[in-house]
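Colleague: Shown below is the structure under consideration.
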Amino acid sequence: MSHSTGSGQDVIDNGRRVRLVIDGVFDGEAGLADGVLACIPNRKGKRARYARRAELDGRTVLLTFIGDKDGFASFRYAEDAA
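Here the sequence shown is numbered in the numbering used here, starting from 3 and rising by one per residue.
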């Protein structure tokens, strides 16, 4: 993620690291910046685009797949009301 500083330079927002578990897709530390989760899938159970739920820092969240680029899978997430 990046944003402009107003000086004509972009600043990369590295966000923060979070604990993420997506069954069959990923288990480990992921990046969270500007409401977007990013990880490099490290499990072979299913494709990232089919993931719908995850454990984010111990909380169950709903996922919306954004896309994948250069091996990184990206998701938006929302708290699971259930």
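Note that beta-carbon positions come from the ideal geometry of N, C-alpha and C, so glycine has one too. Source: prediction; values computed, not measured.
1. Using a threshold of 8 Å, state whether the C-beta atoms of Phe77 and Ile68 are closer than that.
2. Candidates Ala32, Val20, Gly17 and Gly37: which alpha carbon is nearest Tyr79's?
3. Just curious, the beta strand (DSSP E) that Tyr79 is in, first and last residue?
4. Give every residue of the same chain whose Cβ lies closer than 6 Å to the Cβ of Ala24, excluding the five residues on either side of it in the sequence, and list them in chain order.
5. Below 7 Å CB to CB, which residues in the same chain sit around Leu34 once its five sequence neighbours on both sides are set aside?
6. Short of 7 Å in beta carbon distance, which residues of its chain neighbour Leu64, apart from the five on each side in sequence? Order them along the chain.
Modeller: Once the coordinates are examined:
1. If you check the CB distance, Phe77 and Ile68 come in under 8 Å.
2. Of Ala32, Val20, Gly17 and Gly37, the residue nearest in Cα terms is Gly37.
3. For Tyr79, the uninterrupted beta strand (DSSP E) run begins and ends at Phe74 to Glu81, by DSSP.
4. First, the residue type needs correcting, since residue 24 is Ile and not Ala in the sequence shown. Ala53 and Ala56.
5. Within the same chain, Leu34 has close Cβ partners Gly17, Arg18 and Val20.
6. Correct list, in chain order: Arg54, Arg55, Tyr79, Ala80 and Asp82.
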